[in-house]
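Data first, discussion second: the structure below is written as structure tokens.
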Amino acid sequence: MIRGGAIGDFILTLPALKALRDAYPHTHIEILGYKHIAVLAENRFYAQAVRSIEYGPLSTFFAKNAELPSELVNYFAGFDLVISYLYDPDGIFESNLRRCGVELLIRGPAKISKGEHAARQLARPMQELGLAVKDLAAKVYPSSEDRQRTQEFLNDLPPPLVVFHPGSGSKKKNWPLENWIDIGNGLGLNDFQGSLVIVSGEADEDQVRSLRAIWKNERVRFAKNFTLPELAAVLENAIFVGHDSGVSQLAAAAGANCILLFGPSDPEVWAPKNEKVQIIRAPTGDMPSLRFETVRDALINRLEACLREKQIRS
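Numbering-wise (the working numbering), the sequence shown opens with residue 848 and increments by one.
See the structure below:
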């Protein structure tokens, strides 16, 4: 499978890949993609290997009538089926794959359109193969090694674990930072006995820098420089609050209890389909119109529900 795109785009493709894996459990599957993202699938149920789409010689496949490296010609020729989600409007990449001897090539949508959930659109290649994709809830499977590497970070954090991701790939999708500060401060005011973890990426540095200056507490941690599988291991038993973002897709796929805040983007297309996901949409589509009290109450309800579940189990 050839899959570029950001974290969320990749995760939304996993239901389609799961249908392929379920139908052919012993088939060798490789993914050509961004390695730091596709590693979520490597030897974690979906695929046996991952190869970087940023590999320099691969650029020749995007040029018409180019001389193709023999190494890559042999590589692509070794597959019985290639599924490509690359944007290839002129068919140049496809033509070069066929020059390698690829006979069965199926194109997936390179862009998501309105009116249908993204995971359903991304499942179309499987439908062409006669495979039904019934479950659109993406799932990721951290390995025991992933969990071990995060154990030191999580070990002395008392439960329940609440994780905030106050950023996204677009400022328009972000709830105002002062609301995140109020939510976090409110946890301390409501006899919260658990821990708070803040997840950040490169695009979130300004916001997180402000939070670091405000929250200096041993029960507040900032998760940074984790690989995506390791971050999934941090998230899988957490209550997660975030926006429409790739990290939110990861949290839902890892099994976290999610409260996701949507503004200008359509949750009918982009929201995770996982059971433990609650969507709160800004009334006007602009994130500042989403009231602090609405999110606070949703978080308190989740915390109380988790406490009840813990009492029942004990």
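Yeah, the Cβ is synthetic: ideal placement off N, Cα and C, and Gly gets one too.
In this chain, the beta strand (DSSP E) harbouring residue 1107 covers 1104-1109. Put simply, the backbone Cα of residue 1133 is about 5 Å away from that of residue 1110. Counting other Cβ atoms within 10 Å of its Cβ, residue 1063 stays below 16 and is therefore classed as exposed.
The shortest CA-to-CA distance from residue 931 to any of 1003, 1074, 940 is the one to 940. Here residue 965 is near residue 1116, since their CB atoms are less than 9 Å apart. CA-CA distance, residue 935 to residue 1052, rounds to 34 Å.
In this structure, residue 858 places its C-beta atom within 9 Å of the C-beta atom of residue 1100.
Spatial neighbours of residue 1092 in its own chain (CB-CB distance under 6 Å, excluding positions within 5 residues in sequence) are listed in chain order as 1015. A check of alpha carbon separations from residue 1008 across 1105, 920, 1113 identifies 1105 as the nearest.
Judged by DSSP secondary structure, residue 1112 falls outside any alpha helix (DSSP H); it is assigned neither H nor E.
For residue 866 and residue 887, the gap between their C-alpha atoms comes out near 17 Å. In the three-state reduction of the DSSP assignment, residue 920 falls in the helix class, which pools H, G and I. For residue 855, there is no enclosing beta strand (DSSP E); the residue is found in the alpha helix (DSSP H) stretching over 854-870.
In the DSSP assignment, residue 1049 forms no beta bridge with any residue.
Here the C-alpha atom of residue 938 lies approximately 10 Å from the C-alpha atom of residue 944.
Looking at the DSSP output, residue 1124 bridges to 1105.
In this structure, 1136 is the residue among 1136, 1097, 960 with its C-alpha nearest to the C-alpha of residue 1020.
Take the alpha-carbon of residue 895 and the one of residue 993: they are about 17 Å apart.
Scanning 1071, 1039, 1079 for the CA closest to the CA of residue 1050 turns up 1071. Excluding five sequence positions before and after residue 909, the CB atoms of its chain that fall closer than 7 Å to its own CB belong to 939, 940, given in chain order. Note on geometry: alpha-carbon atoms of residue 985 and residue 1059 lie some 32 Å from one another. Contact between residue 1075 and residue 854 holds, since their C-beta atoms are separated by about 7 Å, short of 8 Å. Taking a contact as a CB-CB distance under 8 Å, the pair residue 848 and residue 876 counts as one, their CB atoms being some 7 Å apart. For residue 979 and residue 957, the gap between their C-alpha atoms comes out near 20 Å.
By DSSP's assignment, residue 1067 forms a beta bridge with 1043. With contacts defined as CB atoms closer than 9 Å, residue 882 and residue 897 qualify as a contacting pair. In terms of Cα proximity to residue 1057, the closest of 1029, 974, 1017, 1113 is 1029.
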